[in-house]
Amino acid sequence: MEVESELTSEEKQILALADRQLIERAAEFYRELLHFFDLGARRQSQKIPPQRWWWYLDVIAYLPDSAIGSRTLVKSP
């Protein structure tokens with residue numbers, strides 16, 4: 003369900019900030035999520051597309067900072 007289009011400008015700014023923080027701390031979040039499930043296996047079994055980038059924290063966690071900064075993973079509001 004796509005709800006981003008229904009957000010206010012302020013809510014989009016808050017979401018963008020939270021997204022950036024999640025990307026910056028991807029390795030930390032990924033390590034914690036491993037206690038509950040395997041992101042890669044879940045993505046594959048549920049056919050989760052790359053547009054839902056937060057399901058790819060295991061990949062993002064291993065990208066060099068320069069790679070993350072050179073492309074936009076998260077759309078700006």
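For the sequence shown, the numbering used here begins at 3 and goes up steadily by one. The beta carbon of each residue, even a glycine, is placed where N, CA and C say it ideally should be.
Q) Can you give the Cα-Cα distance for Ala63 and Trp56, rounded to whole angstroms? A) On the sequence shown, position 61 is the one that residue 63 refers to. On the sequence shown, position 54 is the one that residue 56 refers to. Distance between the alpha carbons of Ala63 and Trp56: 11 Å.
Q | 8 Å Cβ cutoff met for Pro52 and Tyr58 | A | Here residue 52 is taken as the residue at index 50 of the sequence shown, counted from 1. Here residue 58 is taken as the residue at index 56 of the sequence shown, counted from 1. Against a cut-off of 8 Å, the Cβ pair of Tyr58 and Pro52 comes out as a contact.
Q) What separation, rounded to the nearest whole angstrom, lies between the Cα atoms of Leu17 and Gln23? A) What you label residue 17 is simply residue 15 of the sequence shown in a count that begins at 1. What you label residue 23 is simply residue 21 of the sequence shown in a count that begins at 1. Leu17 and Gln23: Cα-Cα distance of roughly 10 Å.
Q) Arg44: which of Asp60, Gln15 and Lys14 sits nearest, CA to CA? A) What you label residue 44 is simply residue 42 of the sequence shown in a count that begins at 1. It is Asp60.
Q.
For a quick check, are the C-beta atoms of Leu19 and Tyr32 less than 8 Å apart?
A. As a first step, residue 19 must be located in the sequence shown, where it is residue number 17. As a first step, residue 32 must be located in the sequence shown, where it is residue number 30. For Leu19 and Tyr32, no; Cβs fall outside 8 Å.
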